[in-house]
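*Asks:* Numbering (this note's numbering), first residue to last: 32 to 338.
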């Protein structure tokens with residue numbers, strides 16, 4: 032399996048979910064072995080940030096990457112799209128401190144990337160493959176992983192709300208499966224929390240156009256949900272972005288319960304701090320696609336209506 036990049040650059044603009052400020056972003060093709068690199072512009076100039084578990088400097092309702100010179104928040108949806116569509120190398124130029132929230136999911140990124148096209152590079156894909164089971168748990172949160180040839184995520188959530196309750200979902204990643212089963216799931220929150228969040232400088236850009244909002248009884252959004260279990264699917268989307276903070280794609284079978292950005296990052300720090308015990312760094316040779324199973328939930332016909 033060869034590394035990939037974009038065929039041409041992608042320009043995108045929108046508001047930041049928490050800052051409410053307009054953000055300009057450009058995704059640029061990059062050579063093999065570049066990985067994903069954020070190029071951040073602020074008042075002191077342009078600064079490069081490579082995603083790593085230790086470069087996560089904030090996890091309050093979003094994942095923030097940064098250094099002493101610059102930072103960028105709400106990176107998880109974009110990183111999930113890059114993982115889900117198997118894009119290995121890209122330069123992400125951001126004028127602002129937050130990635131655009133767009134519609135609250137990764138579906139716009141999927142559409143833009145597919146419109147730009149994906150180019151194969153003459154270098155094997157590099158992965159970090161889990162070789163030994165690991166269970167990481169605390170205070171009712173749990174992430175476990177075991178060896179697996181690919182990326183599989185089994186996720187469980189529990190919310191004391193009549194339209195959420197207990198939800199579970201199993202997902203095996205491939206570009207098509209990600210596009211149709213996970214990418215469209217939007218971020219969600221609760222009306223009772225909105226006032227507190229905005230008083231504390233968060234969710235200033237949040238609207239019913241970029242988040243699913245629940246009151247005490249149901250969904251406030253006029254169009255309702257995109258999936259009956261949209262909430263657990265979005266948690267998988269977030270998890271995929273949170274485990275993409277590394278120079279190599281992770282392979283493993285993850286079982287996750289009631290986790291979030293902070294716990295996801297603590298898991299990643301532990302995993303990579305102990306990489307000699309749990310991970311094997313390898314290059315992928317040959318084609319992976321032939322080994323993937325057919326997904327009966329996906330019957331693509333033309334261009335998706337949501338694109």
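Backbone N, C-alpha and C define an ideal beta-carbon position, used for all residues, glycine too.
In this text, all values refer to a predicted model and were calculated from it rather than measured experimentally.
Taking Cβ positions, are residue 184 and residue 270 nearer each other than 8 Å?
*Replies:* Yes, these two residues count as a Cβ contact at 8 Å.
*Asks:* Work out the CA separation of residue 265 and residue 198 for me, nearest whole Å.
*Replies:* 11 Å
*Asks:* By Cβ distance below 7 Å, which residues in the same chain neighbour residue 262 in space, the five residues on each side in sequence not counted?
*Replies:* 188, 195, 198 and 219.
*Asks:* By DSSP, does residue 268 sit in helix, in strand, or in coil?
*Replies:* helix
*Asks:* Tell me, please, which residues DSSP counts as bridged to residue 178.
*Replies:* Answer is none; residue 178 lacks a bridge partner.
*Asks:* From residue 327 to residue 146, what does the alpha carbon distance come to, in whole angstroms?
*Replies:* The pLDDT assigned to residue 327 is 46, lower than 50, so where the model puts this residue is not dependable, and the model offers no usable value.
*Asks:* So, with DSSP's three-state summary, where would you put residue 115?
*Replies:* In the three-state scheme derived from DSSP, where H, G and I count as helix and E and B as strand, residue 115 is classed as helix.
*Asks:* Rounded to whole angstroms, what's the CA-CA distance from residue 398 to residue 239? Just pull it up for me.
*Replies:* Any property of residue 398 remains undetermined from this structure, which presents the chain solely from 32 to 338.
*Asks:* For the putative contact between residue 40 and residue 53, defined by C-beta atoms under 8 Å, what is the C-beta separation to the nearest angstrom?
*Replies:* Actually they are not in contact, since the Cβ atoms of residue 40 and residue 53 sit about 19 Å apart, beyond 8 Å.
*Asks:* Grab me the residues of residue 258's own chain with a C-beta within less than 7 Å of its C-beta, minus the 5 sequence neighbours each way, in chain order.
*Replies:* Cβ contact annotation for residue 258 (same chain, cutoff 7 Å, sequence separation greater than five): 216 and 264, in chain order.
*Asks:* What three-state label does DSSP hand residue 192 in the structure shown?
*Replies:* coil
*Asks:* Whose CA, out of 92, 93 and 127, lies closest to the CA of residue 43?
*Replies:* Looking at the Cα atoms, 127 is the closest of the given residues.
*Asks:* Considering just the uninterrupted stretch of the alpha helix (DSSP H) at residue 52, what are its terminal residues?
*Replies:* Here residue 52 belongs to no alpha helix (DSSP H), and DSSP marks it neither H nor E.
*Asks:* Buried or exposed: which applies to residue 232, given that a residue is buried once 16 or more other Cβ atoms fall within 10 Å of its Cβ?
*Replies:* exposed
*Asks:* Can you tell me whether residue 329 is helix, strand or coil according to DSSP?
*Replies:* Low local confidence applies: a pLDDT of 43 at residue 329 is under 50, so the model's placement there is unreliable, with the coordinate-based value given in what follows. Of the three classes helix, strand and coil, the one that applies to residue 329 here is coil, per DSSP.
*Asks:* How many Å lie between residue 66 and residue 247 at the Cα?
*Replies:* Cα-Cα distance, rounded: 43 Å.
*Asks:* Buried or exposed: where does residue 34 fall if 16 or more other Cβ atoms within 10 Å of its Cβ makes it buried?
*Replies:* So residue 34 ends up on the buried side.
*Asks:* Is residue 144 near residue 118, with beta carbons less than 8 Å apart?
*Replies:* yes
*Asks:* Kindly provide the ranges of any alpha helix (DSSP H) runs that are 4 or more residues long and lie completely inside the region 117–181, ordered along the chain.
*Replies:* 138–147
*Asks:* From the DSSP secondary-structure annotation, give me the bridge partner or partners of residue 67.
*Replies:* 121
*Asks:* Which two residues bound the contiguous beta strand (DSSP E) that contains residue 33?
*Replies:* Note, residue 33: beta strand (DSSP E), 33–37.
*Asks:* Can you name, in chain order, every residue of its own chain whose Cβ lies under 8 Å from the Cβ of residue 249, other than the five neighbours on each side?
*Replies:* Close CB contacts of residue 249 within its chain, under the 8 Å cut and outside five residues either way in sequence, are with 193 and 194 (chain order).
*Asks:* Quick one: any contact between the region 160–175 and the region 84–96, if contact means 3 or more CB pairs under 8 Å?
*Replies:* no
*Asks:* Which first and last residues belong to the beta strand (DSSP E) in which residue 316 is found?
*Replies:* Per DSSP, residue 316 belongs to no beta strand (DSSP E) and is neither H nor E.
*Asks:* Just reading off the alpha helix (DSSP H) that residue 228 is part of, what are its end residues?
*Replies:* 222–230
*Asks:* Which of the three DSSP states, helix, strand or coil, is assigned to residue 58?
*Replies:* strand
*Asks:* Given that a residue counts as buried once 16 or more other Cβ atoms are within 10 Å of its Cβ, and exposed if not, what is residue 50?
*Replies:* buried
*Asks:* Would you tell me roughly how many angstroms separate the C-alpha atoms of residue 272 and residue 98, rounded to the nearest one?
*Replies:* So the alpha carbons of these two residues sit roughly 19 Å apart.
*Asks:* At which residues does the alpha helix (DSSP H) containing residue 215 begin and terminate?
*Replies:* Segment: none, residue 215 is in no alpha helix (DSSP H) and carries neither H nor E.
*Asks:* Mapping the DSSP letters down to three states, classify residue 81 as helix, strand or coil.
*Replies:* DSSP places residue 81 outside both helix and strand once states are collapsed to three, so it counts as coil.
*Asks:* So, using beta-carbon positions, are residue 84 and residue 299 closer together than 8 Å?
*Replies:* yes
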